[in-house]
Amino acid sequence: MRTIMEKLPKILIVDDNKVNVELLRSQLKPYPYDIEVSFDGEDALEKIQRMLPDLVLLDLMMPKISGFEICRSVKQNKDTQFIPVIVITALQELDDKIKAIELGADDFLVKPINRLELTTRIKSLLHLKALHDDLDTSENILFSLAGALEAKDFYTKGHSDRVAEVASLIARKMGLSERDLDAIRKGSLLHDIGKIGVKESILLKPDKLTDEEMAHIKSHPKRGYDICSPLRSIEQSLPIIRSHHERIDGEGYPDGLKGEKIPLLAKIIAIADAFDAMTTDRPYRKGMSKEQALKIFENELNSGQWDPKIVKIFIKMMHEQE
Numbered sequence: 005m006r007t008i009m010e011k012l013p014k015i016l017i018v019d020d021n022k023v024n025v026e027l028l029r030s031q032l033k034p035y036p037y038d039i040e041v042s043f044d045g046e047d048a049l050e051k052i053q054r055m056l057p058d059l060v061l062l063d064l065m066m067p068k069i070s071g072f073e074i075c076r077s078v079k080q081n082k083d084t085q086f087i088p089v090i091v092i093t094a095l096q097e098l099d100d101k102i103k104a105i106e107l108g109a110d111d112f113l114v115k116p117i118n119r120l121e122l123t124t125r126i127k128s129l130l131h132l133k134a135l136h137d138d139l140d141t142s143e144n145i146l147f148s149l150a151g152a153l154e155a156k157d158f159y160t161k162g163h164s165d166r167v168a169e170v171a172s173l174i175a176r177k178m179g180l181s182e183r184d185l186d187a188i189r190k191g192s193l194l195h196d197i198g199k200i201g202v203k204e205s206i207l208l209k210p211d212k213l214t215d216e217e218m219a220h221i222k223s224h225p226k227r228g229y230d231i232c233s234p235l236r237s238i239e240q241s242l243p244i245i246r247s248h249h250e251r252i253d254g255e256g257y258p259d260g261l262k263g264e265k266i267p268l269l270a271k272i273i274a275i276a277d278a279f280d281a282m283t284t285d286r287p288y289r290k291g292m293s294k295e296q297a298l299k300i301f302e303n304e305l306n307s308g309q310w311d312p313k314i315v316k317i318f319i320k321m322m323h324e325q326e
């Protein structure tokens, strides 16, 4: 039984034939759905953008804007791309089915529609949509927490965004995949989330930290890893969150990884993270210029802190931007 606060799944029926629309509406009437209808493509696209339905039942053959075009538009828009689309048509040709699937349709039903088949497909896709929405919400909560953590400190506000920008540029220069770039972006935004468990008095302390306080700070990569690891959608970013303070010489933390045992994406973030730390103000010092920071990277190329191959790519990239 649904609670008062629980919203009914919104289903949008798109068909220029009013008889077909009423038939679908009557088939779905016994079920707990909030049904909206649209009789042309332009109105359908406007309603999809405005109401963000949980599922679209879409007829292919319509005047002006076809179902194919609507499907393409929905799936190419980042705000609507995960809305399930079930294409419903009288067309029997295999080419039309293939075209609809290629454009991103999630399922395909041929008229006349069997009610049991229709409702079974709808339930299945709504379940998948709900799982995705829950996942998306969990991600957004983490990103919001990370943003709130940074906002507490004037000196680190925007740090993760800047790290993401520089790290992404390095990754592109190295020819890494879009999957790696996505992991870099998410990992950059979440790399310091473990500091949620560190006292503000330590994070914002202008004086030198005690050994105990430093040990507390050094626990943040593992704590961040533990916070994020239940979320499978950021699995590719977990090595970044855990290992961005490791050093090539094995003197880093939390695991003392050395050389090639440090994940590649974590090595990239380590450089971007250090560069931003050097060039932004802190409570205890002014930020240095970009040129001064690059000089440090050049002088410490083989210091054991960073991967020298990636440092060379980074330095060259930064000089090219001048």
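Read in order, the letters of the sequence shown are residues 5 to 326 in our numbering. Even for Gly, the Cβ is constructed at its ideal location relative to N, Cα and C. These numbers come from a predicted model, not from an experiment.
Cα-Cα separation between residue i and residue j, rounded to whole angstroms
i	j	result
P116	D19	14 Å
I69	D111	20 Å
A134	Y37	14 Å
E26	G179	53 Å
F86	K79	7 Å
A278	S77	41 Å
A219	D230	17 Å
E304	R236	37 Å
D184	E326	26 Å
Q53	F43	16 Å
E216	P88	52 Å
G45	N81	16 Å
K33	T123	11 Å
K22	I102	27 Å
E106	E50	23 Å
I245	S128	34 Å
M65	D186	37 Å
F301	L130	51 Å
T84	A109	13 Å
M282	K209	17 Å
D285	D211	15 Å
Q31	A94	17 Å
V315	E264	15 Å
Buried/exposed call for residue i, threshold 16 Cβ in 10 Å
i	result
S164	buried
A150	buried
L120	exposed
I145	exposed
L213	exposed
S247	buried
L132	exposed
D47	exposed
K192	Correcting the residue identity first, residue 192 is Ser in this sequence and not Lys. Buried, because 16 or more other Cβ atoms sit within 10 Å of the Cβ of S192.
R289	exposed
G228	buried
Q296	exposed
P225	buried
I8	Note that I8 scores a pLDDT of 37, beneath 50, so its modelled location is shaky; the value from the coordinates is reported in the next line. Result: exposed.
L242	buried
Reduced DSSP secondary structure (H/G/I, E/B, other) of residue i
i	result
V78	helix
E40	strand
R29	helix
I145	helix
V89	strand
V167	helix
R289	strand
K14	strand
D63	strand
L180	coil
L120	helix
V202	coil
L135	helix
D111	strand
R251	coil
E295	helix
L336	Nothing can be reported for residue 336, as the shown portion of the chain is limited to 5 through 326.
T214	coil
D277	helix
Q53	helix
E73	helix
A94	coil
I266	coil
Check whether residue i and residue j have beta carbons under 8 Å apart
i	j	result
L298	M322	yes
K313	P258	no
I188	S172	yes
I74	I39	no
C232	L194	yes
M55	K11	no
G71	L59	no
E2	I266	Coverage of the chain is limited to positions 5 through 326, which leaves residue 2 absent and any answer about it impossible.
I90	R125	yes
V114	D280	no
I273	Q309	no
K271	D311	yes
G276	I197	Per the sequence shown, the amino acid found at residue 276 is Ala instead of Gly. Going by C-beta atoms, A276 is not nearer than 8 Å to I197.
I317	K177	yes
E169	I238	no
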